[in-house]
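Participant: In the UniProt record's numbering, the protein residues as written are 1 to 381. Idealized CB from N, CA, C, for every residue including glycine. Pasting a structure below so you can have a look.
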Amino acid sequence: MNLPTVQFTAEQEQFRQEVRAFLQQHIEAGTFQTKCDSWLSGSEPSFSKIVGDENLIGLTWPKEYGGQARSSIDRYILTEEFLAAGAPVAAHWIADRQTGPLLLRFGTEEQKQYFLPKIVAGECYFAIGLSEPNSGSDLASVRTRAEKVDGGWLVNGAKTWTSNAHDAHYMITLVRTGAYNPEKKHENLSQLIIDLHAPGVTITPISYLTGEHHFNDVFFDNVFVPDDRVVGTLGNGWKQGLAELAFERSGPERILSTFPLLNEAIEELKRQGDERGLAEAVKLVAEVWSLRNLSIGVAKVLEEEGEVSIPAALVKSVGTKFEQKVPEIVRLLLDVYPRLDAEDKINRLLAQSILHSPGFTIRGGTSEILYGIIAKGVIAQ
Ligand SMILES: Cc1cc2nc3c(=O)[nH]c(=O)nc-3n(C[C@H](O)[C@H](O)[C@H](O)COP(=O)(O)OP(=O)(O)OC[C@H]3O[C@@H](n4cnc5c(N)ncnc54)[C@H](O)[C@@H]3O)c2cc1C
């Protein structure tokens, strides 16, 4: 891997302090409580609206669509601070991270003008419609189908594990717009923007083992999707989807889902004056620092529209293992009693981390699938 190293400028460090102050102000005001895995399971539309009002969504997008035209490194700093603070950003996260960039790259002018300003305002949320009951890792086998009718498409089928579909307004949905040929599975796939409030859409919750409602089954029964809601080129859904996955896999959310726990554990060890415990905890800090440098390097290459699928897969596979390791080490270092409803922060954050961490190495592509991508890439070099 030949990833660039990135030095933050004084302006970028200043921006970090501004974001940190904004988050601290809202923690102190009680707007939100720090949570682990907040980027996917902390959906609070009222907080997303506050973030939108602060011009902190669509940071890198052109000004004509409501963005701030800032660099991807600025966005990296922003997302890193949200994750470190455990802020409830899940409602707008997908739209900000991947729907916006997808529409900027492949969308029509009308789609950009219609959706992007609403996303930027923190008022319009998107879900990811890839997985199906019989298509997960083997994504190219999706069977949800769209048939051509006058003025649009009729969609039938089902998506599953759809994060926050119950809060989202739309779903970028991978569907089959032509015949399914098992020999050429990547063909005849297209991406449609489906209005999740349209007639024929049914969303039913799948509960976490904690009892929390985070993801869903989504069923389509003759759902009409107008022609102007096809994204990019008909039949090019596979290639477009892969471009989207690069944004999905390499960000700081693949490293920092349990960072609030690590942070709090270090504070607790300091309070207890536990030198040996701190010596163990700093090994995790060194690890997260190295992973972060890799992840920032990928963000820089993405900004220059370079090819990052292999380093992105590497960051995700190693980063999510790190996220899972944090609660394992913390429970060895401290005398803790994890409970979701615990009064004290460390026990609450530990419970969230333990209960959410099995999904870290599954969502966004399982580790086994990522190892395959990395191995094939290495062989090809
Ligand atoms: C918290 C969470 C949130 C999610 N959110 C979304 C979402 O918003 N939208 C969405 O579309 N999906 C979402 N998913 C689904 C996720 O993308 C899939 O679970 C994942 O891609 C795996 O698919 P699967 O569950 O069908 O497992 P399978 O593909 O059936 O895999 C089962 C096991 O077999 C292994 N395996 C499969 N194929 C191979 C192979 N070729 N080589 C080696 N091992 C293999 C896998 O690694 C895994 O261990 C979410 C999942 C989780 C856990």
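Run the CB neighbour count on Pro205, radius 10 Å, all protein chains shown included, and call it buried at 16 or more, exposed below.
Facilitator: By the 10 Å Cβ count, Pro205 comes out exposed.
Participant: Taking the C-alpha atoms as reference points, what is the distance between Phe247 and Arg97?
Facilitator: Those two C-alpha atoms are separated by around 7 angstroms.
Participant: Name the residue from Glu323, Glu280, Ser367, Asp341 whose alpha carbon lies nearest to the alpha carbon of Ala84.
Facilitator: The shortest C-alpha separation from Ala84 is found at Glu323.
Participant: What residue range does the beta strand (DSSP E) around Asp217 cover?
Facilitator: Start and end: 213-226.
Participant: Tell whether a beta-carbon distance below 8 angstroms holds between Leu3 and Leu294.
Facilitator: Against a cut-off of 8 angstroms, the Cβ pair of Leu294 and Leu3 comes out as a contact.
Participant: Can you tell me where the beta strand (DSSP E) with Gly52 in it begins and where it stops?
Facilitator: Gly52 -> not in any beta strand (DSSP E); alpha helix (DSSP H) instead, spanning 45-53.
Participant: How many whole angstroms separate the CB atoms of Tyr65 and Leu139, which I take to be in contact at a CB cut-off of 8 angstroms?
Facilitator: That pair is no contact at about 29 angstroms.
Participant: Between Asp37 and the rest of its own chain, which residues show a CB-CB distance below 7 angstroms, the 5 nearest in sequence each way excluded?
Facilitator: Same-chain partners within the cutoff: Ser257, Gln352, His356.
Participant: Look up Gln352 in the DSSP assignment and say whether it is helix, strand or coil.
Facilitator: Helix, per DSSP.
Participant: Among residues of its own chain, excluding the 5 on either side of Arg16, which ones have a beta-carbon nearer than 7 angstroms to its beta-carbon?
Facilitator: Contacts found: Ile77, Glu81.
Participant: Check whether the Cβ of Ala10 sits closer than 7 angstroms to any heavy atom of ligand 1, and report yes or no.
Facilitator: No.
Participant: Roughly how many angstroms separate the alpha carbons of Leu291 and Val201, rounded to a whole number?
Facilitator: Each residue's Cα considered, the two are about 40 angstroms apart.
Participant: Quick check on Asn347: does DSSP put it in helix, strand or coil?
Facilitator: In this structure, Asn347 counts as helix in the three-state DSSP scheme.
Participant: Output needed for Phe219: all residues of its chain with C-beta closer than 6 angstroms, excluding positions within five of it in sequence on either side, in chain order.
Facilitator: Once the five neighbours on either side are set aside, the close Cβ partners of Phe219 are Ala158, Thr202.
Participant: Using the rule of at least 16 other Cβ atoms within 10 Å of the residue's Cβ for burial, across every protein chain shown, is Gly211 buried or exposed?
Facilitator: Counting Cβ neighbours within 10 Å, Gly211 comes out exposed, since fewer than 16 surround it.
Participant: Leaving out five residues before and five after Val318 in sequence, what residues of the same chain have Cβ atoms less than 7 angstroms from its Cβ?
Facilitator: These residues qualify, in order along the chain: Leu291.
Participant: Flag Asp138 as yes when its Cβ comes closer than 7 angstroms to any non-hydrogen atom of ligand 1, and as no otherwise.
Facilitator: Flag set: Cβ of Asp138 near ligand 1.
Participant: Per the contact definition of three or more C-beta pairs closer than 8 angstroms, is the segment 324-343 in contact with the segment 253-269?
Facilitator: The segment 253-269 vs the segment 324-343: in contact.
Participant: Verify the contact flag: Ile255, CB atom, against every heavy atom of ligand 1, threshold strictly below 7 angstroms.
Facilitator: Ile255: no, Cβ never under 7 angstroms from ligand 1.
Participant: Find the nearest neighbour of Gln33 within the set Leu103, Ala342, Pro199, Glu132, judged by alpha-carbon distance.
Facilitator: When only C-alpha atoms are compared, the closest one is Ala342.
Participant: Looking at the structure shown, is Arg339 part of a helix, part of a strand, or coil, going by DSSP?
Facilitator: In this structure, Arg339 counts as coil in the three-state DSSP scheme.
Participant: Where Gln191 and Leu59 are concerned, what is the direct C-alpha to C-alpha distance, given to the nearest angstrom?
Facilitator: So the alpha carbons of these two residues sit roughly 24 angstroms apart.
Participant: Ignore the nearest five residues each way along the sequence and tell me which others in Glu264's own chain have a CB closer than 6 angstroms to its CB.
Facilitator: Same-chain partners within the cutoff: Lys345, Ile346, Leu349.
Participant: What first and last residue would you give for the alpha helix (DSSP H) that runs through Trp153?
Facilitator: No alpha helix (DSSP H) holds Trp153; the beta strand (DSSP E) holding it covers 152-163.
Participant: Would you call Pro338 buried or exposed, if buried means 16 or more other Cβ atoms sit within 10 Å of its Cβ?
Facilitator: Buried: at least 16 other Cβ atoms inside 10 Å.
Participant: At a cut of 8 angstroms, does the segment 113-129 reach the segment 165-174 through at least three beta carbon pairs?
Facilitator: Contact holds: three or more Cβ-Cβ distances are below 8 angstroms.
Participant: Cutting at 8 angstroms between CB atoms, please list the residues of its own chain near Leu314, excluding the five before and the five after it.
Facilitator: Excluding positions up to five away in sequence, the list reads Met1, Leu294, Leu370, Ile374.
Participant: CB of Gly364 to nearest heavy atom of ligand 1: below 7 angstroms?
Facilitator: Yes, Cβ of Gly364 sits closer than 7 angstroms to a heavy atom of ligand 1.
Participant: Tell whether a beta-carbon distance below 8 angstroms holds between Thr160 and Ser141.
Facilitator: Their beta carbons are not under 8 angstroms apart, which means Thr160 does not touch Ser141 by this criterion.
Participant: Within 10 Å of its beta-carbon, does Val231 have 16 or more other beta-carbons around it, so buried, or fewer, so exposed?
Facilitator: So Val231 ends up on the buried side.
Participant: Output the distance between the C-alpha atoms of Phe224 and Leu278, rounded to the nearest integer angstrom.
Facilitator: Each residue's Cα considered, the two are about 58 angstroms apart.
Participant: Determine the direct distance from the alpha carbon of Ala95 to that of Lys283, and round the result to whole angstroms.
Facilitator: Roughly 34 angstroms between the two C-alpha positions.
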